[in-house]
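Asker:
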Amino acid sequence: MRQLLLIAARNLFQHRRRTLLLGGAIGGVTALLVILLELSTGLRATILRSATTLMTGHVNVAGFYKVTAGQSAPVVTQYEKVLELVRQTVPEIDFIVERSRGWAKVISDTGSIQAGIGGVEIRNEPGLHKVLRISEGSLDDLAQPNTILIFQDQAKKLDVKVGDTLTISAPTPRGTNNTLDLRVVAIAKDLGLLSAFNVFIPATSLRALYQLREDTTGALMIYLKDIRLVPAVHARLRNALPKAGYALMDNDPKAFWQKFDSVNREDWTGQKLDITNWDDEVSFVMYTVTALDVLTGALTFILLVIIAVGVMNTMWIAIRERTREIGTLRAIGMQRARVLSMFVTEALVLGLSATAAGALVGMLICAVLNAAQISVPIGVQLFLMNDTLTLLADPLKIFGSVLFITLCTSAISLIPSFLAARMKPITAMHYIG
Amino acid sequence: MRPAASSAIFLAVALLLGGSPARAAMSKDQLLQLLRTLDDRQQNNGDYKSLIYLEQKEKDKTDVVREGIVYRRSADQKLMILFSKPKSEQGKGYLRLEKNLWSYDPNVGKWERRTERERIAGTDSRRADFDESRLAEEYDASDEGDDKLGAYNVHKITLKVKEGVDVAFPIVKLWVDNETSNILKRQEFALSGRLMRTLYYPRWQKQYSESKKGDFWYPPEIRIYDEVEKANSTIVLIKAVDLHALESNIFTKAWFESKSR
Numbered sequence: 077m078r079q080l081l082l083i084a085a086r087n088l089f090q091h092r093r094r095t096l097l098l099g100g101a102i103g104g105v106t107a108l109l110v111i112l113l114e115l116s117t118g119l120r121a122t123i124l125r126s127a128t129t130l131m132t133g134h135v136n137v138a139g140f141y142k143v144t145a146g147q148s149a150p151v152v153t154q155y156e157k158v159l160e161l162v163r164q165t166v167p168e169i170d171f172i173v174e175r176s177r178g179w180a181k182v183i184s185d186t187g188s189i190q191a192g193i194g195g196v197e198i199r200n201e202p203g204l205h206k207v208l209r210i211s212e213g214s215l216d217d218l219a220q221p222n223t224i225l226i227f228q229d230q231a232k233k234l235d236v237k238v239g240d241t242l243t244i245s246a247p248t249p250r251g252t253n254n255t256l257d258l259r260v261v262a263i264a265k266d267l268g269l270l271s272a273f274n275v276f277i278p279a280t281s282l283r284a285l286y287q288l289r290e291d292t293t294g295a296l297m298i299y300l301k302d303i304r305l306v307p308a309v310h311a312r313l314r315n316a317l318p319k320a321g322y323a324l325m326d327n328d329p330k331a332f333w334q335k336f337d338s339v340n341r342e343d344w345t346g347q348k349l350d351i352t353n354w355d356d357e358v359s360f361v362m363y364t365v366t367a368l369d370v371l372t373g374a375l376t377f378i379l380l381v382i383i384a385v386g387v388m389n390t391m392w393i394a395i396r397e398r399t400r401e402i403g404t405l406r407a408i409g410m411q412r413a414r415v416l417s418m419f420v421t422e423a424l425v426l427g428l429s430a431t432a433a434g435a436l437v438g439m440l441i442c443a444v445l446n447a448a449q450i451s452v453p454i455g456v457q458l459f460l461m462n463d464t465l466t467l468l469a470d471p472l473k474i475f476g477s478v479l480f481i482t483l484c485t486s487a488i489s490l491i492p493s494f495l496a497a498r499m500k501p502i503t504a505m506h507y508i509g
Numbered sequence: 048m049r050p051a052a053s054s055a056i057f058l059a060v061a062l063l064l065g066g067s068p069a070r071a072a073m074s075k076d077q078l079l080q081l082l083r084t085l086d087d088r089q090q091n092n093g094d095y096k097s098l099i100y101l102e103q104k105e106k107d108k109t110d111v112v113r114e115g116i117v118y119r120r121s122a123d124q125k126l127m128i129l130f131s132k133p134k135s136e137q138g139k140g141y142l143r144l145e146k147n148l149w150s151y152d153p154n155v156g157k158w159e160r161r162t163e164r165e166r167i168a169g170t171d172s173r174r175a176d177f178d179e180s181r182l183a184e185e186y187d188a189s190d191e192g193d194d195k196l197g198a199y200n201v202h203k204i205t206l207k208v209k210e211g212v213d214v215a216f217p218i219v220k221l222w223v224d225n226e227t228s229n230i231l232k233r234q235e236f237a238l239s240g241r242l243m244r245t246l247y248y249p250r251w252q253k254q255y256s257e258s259k260k261g262d263f264w265y266p267p268e269i270r271i272y273d274e275v276e277k278a279n280s281t282i283v284l285i286k287a288v289d290l291h292a293l294e295s296n297i298f299t300k301a302w303f304e305s306k307s308r
């Protein structure tokens with residue numbers, strides 16, 4: 077094996093220009109793949125961090141209350157009993173946040189937007205303090221009644237600044253129209269699509285808007301010590317709540333505001349609970365991650381085909397140049413399998429060194445981009461869920477991509493190597509190239 | 048004496064009294080009678096069909112005009128709105144069965160249950176604007192005295208929703224023409240007391256109804272102004288009112304779907 081490695085290394089060194097060109101191409105593709113993977117991982121991490129603060133817990137116990145079959149409200153009544161049951165059922169809880177929910181029209185003198193309304197007790201929301209970056213006003217002022225926090229793009233659309241008044245208009249669970257005048261106390265920096273659909277007001281104001289009692293909330297947002305426990309906790313709650321007499325909605329992996337139509341179509345009235353996890357609640361933005369993954373896959377495939385053609389072509393040239401050498405080696409007793417191994421090893425050495433170098437370059441570029449905190453345009457912010465470019469290295473994924481590209485380049489070299497190994501020694505020795 | 052005739056006489060007397068400057072406030076019974084009269088004028092006690100046009104104006108959007116047909120049956124309070132134009136709205140509509148309002152979209156082929164108090168086709172109009180008037184059933188009235196509305200002498204009353212009744216707007220103000228007892232203006236308020244919609248009824252027309260054995264009144268035009276999003280408004284035009292009996296089986300989802308295709 078050592079001999080084969082030595083031959084491969086010497087041969088690659090001997091044809092430096094060819095090696096550098098092909099190795100550079102393989103390294104370039106690996107670097108690109110690493111950058112795209114880090115972008116995808118960064119995007120997923122940003123969504124998880126932002127979404128699990130802005131609009132969902134790791135697992136949520138929420139639900140709908142219907143006064144009539146056609147009128148639903150995202151409400152959990154007598155939530156304290158549900159909360160107690162959740163605490164008993166899930167010992168892995170880190171903390172729980174009660175968040176009131178609504179879906180209403182936010183209106184200024186010059187425009188209007190439709191938004192999900194989060195009713196918060198700002199003193200009990202340490203996560204919001206961590207994730208939201210306030211560009212104007214103060215987040216703590218949200219403790220005052222009839223106040224509102226909006227995001228930069230919303231402020232621009234509504235043409236308002238801190239201190240201005242906005243009106244929220246929504247029907248109560250009984251279908252009667254109600255409005256609430258709110259003072260803008262904070263404008264936060266945008267967080268992509270997630271912030272486009274959310275505003276925050278004090279929970280008491282939200283209850284006043286919807287004419288709800290004190291013992292109602294919108295969702296119990298459960299945060300776990302270990303996020304990997306989400307599927308198990310989700311399943312356990314789906315089992316425990318019906319046993320305690322609560323009616324559960326069918327599992328529907330969507331954000332709560334996407335369920336109004338289907339809930340209104342159903343015949344039941346009264347309370348039904350709905351258990352979702354963070355993945356369900358952000359399903360409407362996960363397409364960005366999926367799109368990026370598809371783009372990465374497609375781009376990698378195209379580049380791999382180009383590299384494969386390059387590797388095969390180079391191997392053909394090498395075999396053509398070394399036909400007489402192959403003949404001699406075969407004549408002095410080298411077996412076919414050994415000839416095959418010789419060429420495959422060459423491709424393997426080239427592939428491994430090029431992908432390793434490419435991965436290093438890719439990670440270096442990502443580190444530089446992260447350090448530079450590059451601001452991205454608003455259109456890209458919607459896609460990235462952040463106002464700066466964030467890339468995150470996942471060692472396992474990077475190792476996987478290095479291995480994958482190396483295996484691809486080695487596999488493609490099997491065809492010319494196999495043909496070289498099949499040559500008869502006498503034919504090869506007489507070959508005049 | 049028929050109830051409609053007695054109500055009309057009562058309204059005339061009440062409004063004549065209203066014309067004098069020192070008129071005493073109307074009693075509860077008088078106000079209830081007034082509401083019954085207003086309802087009765089707009090009720091047909093039979094079937095109803097009309098062509099409607101909805102002109103929707105929204106800020107920063109192109110005006111949209113919808114054409115549709117409204118079908119009504121007084122006996123079981125059924126209502127159906129079937130849109131025929133523009134092409135994108137063709138076959139869409141609403142069907143009120145018992146206390147449920149259903150919306151249908153032929154592109155999806157699904158019936159969605161809606162609240163009765165929802166906007167119709169995303170305009171500023173509501174189901175109640177196309178349905179029979181039920182003011183006496185839903186509201187308690189209080190007297191606000193006489194007022195002037197442009198050149199018209201009007202009587203102003205405030206309505207508050209009755210306990211346990213669900214309506215889109217819990218407070219309504221009406222301006223009733225002293226001379227004709229037509230509603231000329233209507234303002235609707237949210238629970239918070241904020242003005243939400245102002246409606247103007249520039250004209251009223253009457254048509255003899257066989258089923259009612261009397262005159263049926265309807266506004267050929269309703270101008271609806273959104274008071275929250277000030278730039279939005281809707282004009283409803285009601286034409287070709289037909290008070291003859293409709294087929295017995297039309298208020299069904301199957302019939303609606305057959306017309307939607």
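In the order they appear, the protein sequences are chains C and W. Under the working numbering, residues 77 to 509 are what the first sequence spells out, in order. Under the working numbering, residues 48 to 308 are what the second sequence spells out, in order. A virtual CB, placed ideally from N, CA and C, is assigned to each residue, including glycine.
Going by DSSP in three states, Q411 (chain C) sits in which element: helix, strand or coil?
Answerer: Position 335 of the first sequence, counted from the first residue, corresponds to residue 411 (chain C). Of the three classes helix, strand and coil, the one that applies to Q411 (chain C) here is coil, per DSSP.
Asker: Considering only DSSP beta bridges, list what S278 (chain C) is partnered with.
Answerer: Locating residue 278 (chain C) in the first sequence gives position 202, where the first residue counts as 1. Before going further, note that residue 278 (chain C) is Pro rather than Ser in the sequence given. In the DSSP output, where bridge partners are listed per residue, P278 (chain C) has C:V196.
Asker: Assuming L238 (chain W) and T252 (chain C) make a contact with CB atoms under 8 Å, what is their CB distance in whole Å?
Answerer: Residue mapping note: residue 238 (chain W) aligns to position 191 of the second sequence, counting from 1. Residue mapping note: residue 252 (chain C) aligns to position 176 of the first sequence, counting from 1. Correct: roughly 6 Å between the Cβ atoms.
Asker: In chain W, which residues lie with their C-beta within 9 Å of the C-beta of P247 (chain C)?
Answerer: Counting from one through the first sequence, the residue named residue 247 (chain C) turns up at place 171. Residues of chain W passing the Cβ test: T162, R164, E165, A215.
Asker: Can you say whether Y118 (chain W) is buried or exposed, counting buried as having 16 or more other CB atoms within 10 angstroms of its CB?
Answerer: As a working mapping, residue 118 (chain W) is identified with position 71 in the second sequence. Counting Cβ neighbours within 10 Å, Y118 (chain W) comes out buried, since at least 16 surround it.
Asker: Near S211 (chain C), what residues of its chain come up, given a Cβ to Cβ distance below 7 Å and the 5 sequence neighbours on each side ignored?
Answerer: Walking along the first sequence from the start, residue 211 (chain C) turns up at place 135. Same-chain partners within the cutoff: Q228, I263, A264, K265.
Asker: Going straight from the alpha carbon of L82 (chain W) to that of P249 (chain C), what length do you get?
Answerer: Taking the second sequence and counting its residues from 1, the one referred to as residue 82 (chain W) is at position 35. Taking the first sequence and counting its residues from 1, the one referred to as residue 249 (chain C) is at position 173. Approximately 28 Å between the Cα atoms of the pair.
Asker: Please look up how many angstroms separate the CB atoms of T223 (chain C) and I277 (chain C), rounded, as I've assumed it's under 8 Å.
Answerer: If you number the first sequence from 1, residue 223 (chain C) lands on position 147. If you number the first sequence from 1, residue 277 (chain C) lands on position 201. About 7 Å separates the two Cβ atoms, so the contact holds.
Asker: Starting from the C-beta of A121 (chain C), find all residues in its chain whose C-beta is less than 6 Å away, skip the five residues before and the five after it, and write them out in chain order.
Answerer: Within the first sequence, numbered from 1, the residue matching residue 121 (chain C) stands at position 45. If we look at A121 (chain C) and ignore the five residues flanking it on each side, its Cβ neighbours are L468.
Asker: To the nearest angstrom, how far is the alpha carbon of N154 (chain W) from that of S305 (chain W)?
Answerer: As a working mapping, residue 154 (chain W) is identified with position 107 in the second sequence. As a working mapping, residue 305 (chain W) is identified with position 258 in the second sequence. Rounded to whole angstroms, N154 (chain W) to S305 (chain W) spans 14 Å at the Cα level.
Asker: Apart from the five residues just before and just after P329 (chain C), which ones in its own chain have a Cβ nearer than 6 Å to its Cβ?
Answerer: For the purposes of this step, residue 329 (chain C) is taken as the residue at position 253 of the first sequence. D356, S359, listed in sequence order.
Asker: Using C-beta distances below 7 Å, list every residue in its chain close to L242 (chain W), excluding the 5 sequence neighbours before and after it, in chain order.
Answerer: Locating residue 242 (chain W) in the second sequence gives position 195, where the first residue counts as 1. Around L242 (chain W): Q234, F236, E274.
Asker: Which residue comes first and which comes last in the beta strand (DSSP E) that contains Q228 (chain C)?
Answerer: The residue given as residue 228 (chain C) occupies position 152 in the first sequence. Run containing Q228 (chain C): none in the beta strand (DSSP E); it sits in the alpha helix (DSSP H), 228-234.
Asker: Against chain D, with Cβ distances strictly below 8 Å, would A231 (chain C) count as a contact?
Answerer: Chain labels in this structure do not include chain D; the protein chains are C and W.
Asker: So G434 (chain C) and T117 (chain C) are in contact, right, with Cβ under 8 Å, and what is the actual spacing, rounded?
Answerer: The count along the first sequence starts at 1 and reaches residue 434 (chain C) at position 358. The count along the first sequence starts at 1 and reaches residue 117 (chain C) at position 41. So it is not a contact: roughly 17 Å between Cβ atoms.
Asker: Straight-line CA distance for A367 (chain C) to V361 (chain C)?
Answerer: Counting from one through the first sequence, the residue named residue 367 (chain C) turns up at place 291. Counting from one through the first sequence, the residue named residue 361 (chain C) turns up at place 285. The straight-line gap from Cα to Cα measures roughly 10 Å.
Asker: Could you work out which residue in W:R88, W:R308, W:H291 is closest to L182 (chain W) when comparing CA atoms only?
Answerer: By 1-based counting over the second sequence, the position of residue 182 (chain W) is 135. Checked all of W:R88, W:R308, W:H291; the closest Cα to L182 (chain W) is W:R88.
Asker: Kindly indicate which three-state DSSP category F236 (chain W) falls into: helix, strand or coil?
Answerer: Stepping through the second sequence from its first residue, residue 236 (chain W) is reached at position 189. Strand.
Asker: Does I226 (chain C) get closer than 8 Å to chain W when you measure Cβ to Cβ?
Answerer: Looking up residue 226 (chain C) in the first sequence gives position 150. No, I226 (chain C) lies away from the interface with chain W (no Cβ there is under 8 Å from its Cβ).
Asker: Secondary structure at Q190 (chain C), three-state DSSP: helix, strand or coil?
Answerer: As a first step, residue 190 (chain C) must be located in the first sequence, where it is residue number 114. In the structure shown, Q190 (chain C) sits in a strand (DSSP, three-state: E or B).
Asker: For the 8 Å Cβ check, are there 3 or more pairs between the stretch 176-188 of chain C and the stretch 94-101 of chain C?
Answerer: Contact fails: fewer than three Cβ-Cβ distances are below 8 Å.
Asker: Do P66 (chain C) and T280 (chain C) have their C-beta atoms within less than 8 Å of each other?
Answerer: Nothing in the structure corresponds to residue 66 (chain C), since chain C is present only between 77 and 509.
Asker: In this structure, does DSSP put R241 (chain W) in helix, strand or coil?
Answerer: Counted from its first residue, the second sequence places residue 241 (chain W) at position 194. The answer is coil: DSSP assigns R241 (chain W) none of H, G, I, E or B.
Asker: Listed in chain order, which residues of the stretch 269-287 of chain W have Cβ atoms closer than 7 Å to some Cβ of chain C?
Answerer: Hits within the stretch, in order: V275, E276.
Asker: Mind checking who Y95 (chain W) pairs with in its DSSP beta bridge?
Answerer: Residue mapping note: residue 95 (chain W) aligns to position 48 of the second sequence, counting from 1. DSSP lists W:R119 as partners of Y95 (chain W).
Asker: Comparing the C-beta of I193 (chain C) with each C-beta of chain W, is any distance below 8 Å?
Answerer: The sequence position of residue 193 (chain C) within the first sequence is 117, counting from 1. Judged by the 8 Å Cβ criterion, I193 (chain C) is not in contact with chain W.
Asker: Check W354 (chain C) in the structure and name its three-state DSSP category.
Answerer: Within the first sequence, numbered from 1, the residue matching residue 354 (chain C) stands at position 278. Reduced to three states, the DSSP call for W354 (chain C) is helix.
Asker: Can you tell me which of W:K96, W:L246, W:P217, W:F216 puts its alpha carbon nearest to the alpha carbon of E179 (chain W)?
Answerer: As a working mapping, residue 179 (chain W) is identified with position 132 in the second sequence. Closest by alpha carbon: W:K96.
Asker: Check the Cβ-Cβ distances between R241 (chain W) and every residue of chain C, and say whether any is below 8 Å.
Answerer: Taking the second sequence and counting its residues from 1, the one referred to as residue 241 (chain W) is at position 194. Chain C, which has a Cβ nearer than 8 Å to the Cβ of R241 (chain W), makes this yes.
Asker: Mind checking the stretch 220-244 of chain W against chain C and listing, in chain order, the residues whose C-beta falls within less than 7 Å of any C-beta there?
Answerer: Residues passing the 7 Å Cβ filter: A237, L238, S239, R241, M243.
Asker: Give a yes or no on whether the minimum CB-CB distance between L159 (chain W) and chain C is below 8 Å.
Answerer: For the purposes of this step, residue 159 (chain W) is taken as residue 112 along the second sequence, with counting starting at 1. A small fix is needed here, since residue 159 (chain W) is Glu in this sequence, not Leu. Yes, E159 (chain W) counts as interfacial toward chain C.
Asker: Taking 8 Å as the threshold, find out whether the stretch 185-195 of chain C comes into contact with the stretch 232-247 of chain C through three or more Cβ pairs.
Answerer: Yes, they touch.
Asker: Count the C-beta pairs between the stretch 369-388 of chain C and the stretch 144-161 of chain C that are closer than 8 Å, then say yes if the count reaches three, no if not.
Answerer: With the cut-off at 8 Å, the stretch 369-388 of chain C and the stretch 144-161 of chain C do not touch.
Asker: Mind pulling the chain C residues with CB within less than 7 Å of N147 (chain W)?
Answerer: On the second sequence, residue 147 (chain W) is found 100 positions in, with the first residue counted as 1. Here the neighbours are A145, G146.
Asker: Keeping to the same chain, check which residues put their C-beta closer than 7 Å to that of Q137 (chain W); ignore five residues upstream and five downstream.
Answerer: Translated into positions along the second sequence, residue 137 (chain W) becomes position 90. F130, S131.
Asker: In three-state terms, what does DSSP make of R498 (chain C)?
Answerer: The residue you call residue 498 (chain C) lines up with position 422 of the first sequence. R498 (chain C): coil per DSSP, three-state reduction.
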